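Residue numbers for the sequence shown follow the numbering used here, so the first one is 2 and each next one is one higher.
Ideal Cβ positions, reconstructed from N, Cα and C, are used throughout, including at glycine.
The structure presented is a predicted model; accordingly, all values stated were derived computationally and were not measured.
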Amino acid sequence: MGSGRLKRLFKWLVDAGCTVSPKLQVRSSKTGGRGIFATEDIEEGELVLLLHPDVILTGDAALQEAPELRGIQDHPLLAHPTLGVAPSAKIVLAAFCMLKWADPASTRFAPYFKAMGKHRLSEKPMTSTLPFFWSDEELSELSGTLALHEFQRQFRVLEQDFLIVSESLRSAGGQEAGTHTLADYRLAYIFVAQRTFTYNGPALLPLADVANHYLPAPDHRLNEEEGRQYSREMSSSGVIPGEVRYFGMKAVRSVRKGGEYLHNYGLHNNSVDLFRYGFVTPWIHNSTCETSTRLRLAVGHLPERLDAHLWRQHLLEVVGPDISADVSSCFGDGLLRLHEFARFWSTSASGEALKEQCGFEGPQNKQTTRNNHRTNNNTENILDLRKAGSDPLPRLPSACALVSLEEELASSQLIRRAVKDALSAMPGGSLQEDEDRLESLRPGSRLHCAVTLRRDEKYVLSQVERHLADAESKLRGSLKKGKGPRTTTTTTTTTTTKTTATTSKAYTRRSTASTKVGKQLEL
2 MGSGRLKRLF KWLVDAGCTV SPKLQVRSSK TGGRGIFATE DIEEGELVLL
52 LHPDVILTGD AALQEAPELR GIQDHPLLAH PTLGVAPSAK IVLAAFCMLK
102 WADPASTRFA PYFKAMGKHR LSEKPMTSTL PFFWSDEELS ELSGTLALHE
152 FQRQFRVLEQ DFLIVSESLR SAGGQEAGTH TLADYRLAYI FVAQRTFTYN
202 GPALLPLADV ANHYLPAPDH RLNEEEGRQY SREMSSSGVI PGEVRYFGMK
252 AVRSVRKGGE YLHNYGLHNN SVDLFRYGFV TPWIHNSTCE TSTRLRLAVG
302 HLPERLDAHL WRQHLLEVVG PDISADVSSC FGDGLLRLHE FARFWSTSAS
352 GEALKEQCGF EGPQNKQTTR NNHRTNNNTE NILDLRKAGS DPLPRLPSAC
402 ALVSLEEELA SSQLIRRAVK DALSAMPGGS LQEDEDRLES LRPGSRLHCA
452 VTLRRDEKYV LSQVERHLAD AESKLRGSLK KGKGPRTTTT TTTTTTTKTT
502 ATTSKAYTRR STASTKVGKQ LEL
C-alpha cells in the first residue's frame, strides 16, 4: 500500500466523519502481507478506529452503485440451486469488487480500492496456501476428510455464483457482460471472504480489514460455550448502537510502540481458516470443540435385523446410500444421533414395541402390505420414514428393557466400524504418524496445512474411539457379572441418560457460520 494511496485513504475516511487514531501505521508484516502497527503506545481499551456508515461497503451500497447487479437478487438459482449448494452470502460484494477493480474511479469507494490494489493472487498462485490454488495431488492429501468435502462444496458455490453474476450482467445489458472469467470472480470472492465483517450482513470495512489475526492458545480445553465466550473476550469490535450506526475497534490488549495491532477473526476450525485466510492454528483440534469429522454408515452394509430389507429401502429413499453424522472432538449431537440410530438398528425388537415401551423416536406407522410384504398372512406394522419430519432416521434415545446388553454393545461396535472406515479412508497412516510428519514439514506450506487438517480429524476419531472403547469395557464388565438384562439395562439407561444430557448441553455442535464481529462496544 503506497504512502500516497494510504494518505488518500486516511483523508477519505476522516472527511467522511470517521475517527482514525494517529497512532496507526500500515506497513509490511512478518506474516508476509500488510498489517497495522503502533507509532506510539496504545493502551488496552483505547479506541483505534471508528467508521462512518458512508465508508462501509455493504451489499445494499454495492447495488446502489452498480444497479446492473440487481438481477442477482431475483435470479432463479437463488431459490433453486442446480449444483446442490446455496449461493454465497457474499455474492453481491464479490461481483461488485470484480467490476470495480477494472475501473475503481467509477465508485465512491475509489480510495479504498486504489489503496488495496487489485489483489491479484493469480500472479503468485504457487505461493498461496488457499486451497483454490492447490493441485489435485495436493488436495488428495485430504482424501476422506470432511475438510475436502467442504472445500469441494465451496468450489461448486463459486461456480454457481459466477453463473448467476454472468447471467445477471447479460440480462442487464451491461458492458461488462462476458468480459470476466471464473478466475476473476474467484479472486474477487477471496478478497471479500478474507476481509468481511458483519454489518447488516457481510460488509467491507476500509482499514479495519488490514489488521491481522490474533487469538492466543487458551490455558485449558474449551467446551462449546467456553469457546464462544473466549472468542468474544478476545475481540473488541462491533456496531455502535445509535442513530448513526458506526463500526468501532478497540485495543483488546495494550500495544507497545512499534508493535502490531492485531484483531481476532473469530474461533473457527482449521478448514474454515485455511479456506478463507490461508492459515492454520496448531492448537484448535485439542483445545476447542471446533474440529469435526464425518462418520458414515453404509445402508447397504448394515447388519441384519427385523424387517431389515424394508428399513434399508426406506433409508435409501429418504437418506441415501449413507447415514452420516458430523462429530466433533467434544462429540456433540452428531455422535448422539448416530448412537441412537445404531441402538435402534442393533435391537431385535420391532419398532412398534420400541415405541410403546422405550420412547422410540421414529416415523409414523404404516402397513407393510403397501410394500407387498406379509408375515404369517398378517399385515405387519413398521414405521413410515417419509413422515418422520426433518430427521427421518429411526432412533432410540436411551436404552430400555427391550435392549439387551449384548445389543447395546453391538450398537457401539457399529459406530466403531464407522470410525475405522473413516480412518482407513484418509492417507498418511495413524494419528501419530501424521503428528510425526508435521514435525518435519515447513509450517505454512501447503503440505503442512493439509496434514494439519488431516491430523485434526484423526484426532477427533481417536477421541470417539476412546469414548466407545471405555463404554464397551463397562458393558463387557456387566456381562461378565451376569446381570439380568432388565436390571442392568435400567442401570445403563440411568448412566447413559446422565452422560447424554451433559454432553448435549455442554457440547452441542456449533454452526459452521462465523463472522468477525466481537462483543458490542461500550463507548
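So, with DSSP's three-state summary, where would you put residue i?
i      : result
Val273 : helix
Val15  : helix
Ile37  : strand
Glu261 : strand
Gln74  : coil
Asp323 : strand
Ser288 : helix
Val420 : helix
Val27  : strand
Leu337 : helix
Arg157 : helix
Ser412 : helix
Arg563 : The structure shown does not extend to residue 563, since the chain spans only 2 to 524, so no value can be given for it.
Ser347 : helix
Phe198 : strand
Glu362 : strand
Ser474 : helix
Ser144 : coil
Val281 : coil
Lys482 : coil
Val404 : coil
Trp135 : coil
Asp308 : coil
Thr498 : Its pLDDT being 35, under 50, Thr498 is placed unreliably in this model, and the coordinates cannot settle the point.
Leu268 : coil
Pro428 : coil
His181 : coil
Ala173 : helix
Provide the residue(s) that pair with residue i in DSSP beta bridges, ordered along the chain.
i      : result
Leu51  : Thr20 and Gly249
Ile43  : Val256
Phe332 : Ser329
Val240 : Phe248
Ala299 : Asp323
Ser535 : Outside the displayed span of the chain (2 to 524) sits residue 535, for which this structure offers no information.
Thr59  : Ala204
Arg396 : Glu362
Out of the options, which one is the CA nearest neighbour of residue i?
i      : options                           : result
Ala547 : Leu140, Arg443 and Leu170         : Here the chain comprises residues numbered 2 to 524, so residue 547 is not present and cannot be evaluated.
His315 : Thr294, Leu263, Ser425 and Pro395 : Pro395
Ser474 : Gln414, Asp435 and Arg418         : Gln414
Ala402 : Ser431, Ser446 and Ala350         : Ala350
Tyr186 : Leu432, Asp104, Asn270 and Leu100 : Leu100
Val93  : Glu142, Val193, Ser141 and Ala106 : Val193
Leu469 : Glu409, Gly430, Ser431 and Arg438 : Glu409
Ala212 : Val49, Leu268 and Leu442          : Val49
Arg297 : Pro88, Ser399, Leu424 and Asn271  : Leu424
Arg28  : Arg295, Leu339, Lys482 and Gly259 : Gly259
Met427 : Trp13, Glu234, Phe134 and Thr453  : Thr453
Ile191 : Leu149, Asp274, Leu143 and Phe110 : Asp274
Asn201 : Ala90, Ile165 and Thr108          : Ala90
Glu357 : Trp346, Ser22 and Leu397          : Leu397
Ala309 : Glu362, Leu337 and Gly352         : Gly352
Tyr266 : Arg229, Pro23 and Ala80           : Arg229
Glu45  : Val253, Pro444 and Glu305         : Val253
Ala472 : Leu406, Ile165 and Gly430         : Leu406
Ser330 : Met117, Asn224, Cys98 and Asp437  : Asn224
Asp137 : Arg467, Met117 and Arg447         : Arg447
Tyr247 : Glu234, Thr20 and Phe97           : Thr20
Assuming residue i and residue j are in contact, meaning their beta carbons sit under 8 Å apart, how far apart are those beta carbons, in whole angstroms?
i      : j      : result
Val404 : Leu462 : With 8 Å as the limit, Val404 and Leu462 do not qualify as a contact, their Cβ atoms being about 26 Å apart.
His221 : Ser238 : His221 to Ser238, Cβ: 25 Å. No contact.
Phe531 : Ala189 : As shown, the chain starts at 2 and ends at 524. That puts residue 531 outside it, with no answer to give.
Gly72  : Ser172 : 5 Å
Ala39  : Tyr215 : Going by Cβ atoms, the distance from Ala39 to Tyr215 rounds to 14 Å, so no, they are not a contact pair.
Thr130 : Cys450 : 5 Å
Phe332 : Val465 : 7 Å
Asp162 : Ala95  : 7 Å
Leu147 : Glu434 : Incorrect: roughly 20 Å between the Cβ atoms, too far for contact.
Pro283 : Ala299 : Their Cβ separation, rounded to whole angstroms, is 34 Å, which puts Pro283 and Ala299 out of contact at 8 Å.
Leu476 : Ile416 : Their Cβ separation, rounded to whole angstroms, is 13 Å, which puts Leu476 and Ile416 out of contact at 8 Å.
Leu14  : Leu208 : 7 Å
Thr319 : Pro393 : Reading off the sequence, residue 319 comes out as Val, not Thr. The pair is a contact, with the Cβ atoms about 4 Å apart (cut-off 8 Å).
Arg196 : Lys115 : That pair is no contact at about 15 Å.
Looking at chain D, is there any beta carbon in it that lies within less than 7 Å of the beta carbon of residue i?
i      : result
Leu205 : Checking the listed chains, one finds no chain D in this structure; it contains a single protein chain.
- Query: In chain order, which beta strand (DSSP E) runs of at least 3 residues are fully inside the segment 201-234?
  - Reply: As far as the segment 201-234 is concerned, its whole beta strand (DSSP E) runs of at least 3 residues are 203-205.
- Entirely within the segment 82-117 and at least 4 residues each: give me those alpha helix (DSSP H) ranges in chain order. Segments of the alpha helix (DSSP H) lying fully in the segment 82-117: 92-103 and 111-117.
- Item | Uninterrupted alpha helix (DSSP H) stretches inside the segment 438-470 (no shorter than 4 residues) | Annotation: the segment 438-470 contains no complete segment of the alpha helix (DSSP H) (minimum length 4 residues).
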